[in-house]
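Residue numbers for the sequence shown, in my numbering: -11 to 80.
Notes for the one structure printed next.
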Amino acid sequence: MLHLVMDSPFQTRALEQCLAYRAEDDGIVLLQDGVIAACTAASVARLAGLPLYVLQEDVLARGLTTQIGTMITMADLVDLIAETGSPQRWAG
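Have a look at this one:
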């Protein structure tokens, strides 16, 4: 399964909920304000070693630099969803 996290880890518990309920092989996609998690030391430590994807457009739009994860485009996200099926969206 693919998990979509769209909220900043500083605003909601969406990332924490995702991490608590995801299965071992499930991928996580950070997009919108969720990309902040790939750029902050506190979240990076929690995400290390997980199959993590970060939407490039959202990172660039916020002027951030990621520390972890695989950068993907919107087209890559569409391909991931096509491969894995309907994603689970986490919101705060």
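All residues carry an ideal CB built from backbone N, CA and C; glycine is no exception.
With 16 other Cβ atoms within 10 Å as the buried cut-off, status of residue i
i: L81; result: Look at the range of the chain in this structure, -11 to 80, and you will see that residue 81 is not part of it.
i: G22; result: buried
i: A26; result: buried
i: G13; result: Here residue 13 turns out to be Asp, not Gly, going by the sequence shown. D13 should be labelled exposed.
i: M(-6); result: buried
i: L48; result: exposed
i: Y9; result: exposed
C-beta contact flag for residue i and residue j at 7 Å
i: I16; j: V32; result: no
i: L(-10); j: L68; result: yes
Three-way DSSP call (helix, strand, coil) for residue i in this model
i: R34; result: helix
i: M59; result: strand
i: Q76; result: strand
i: G15; result: strand
i: L52; result: coil
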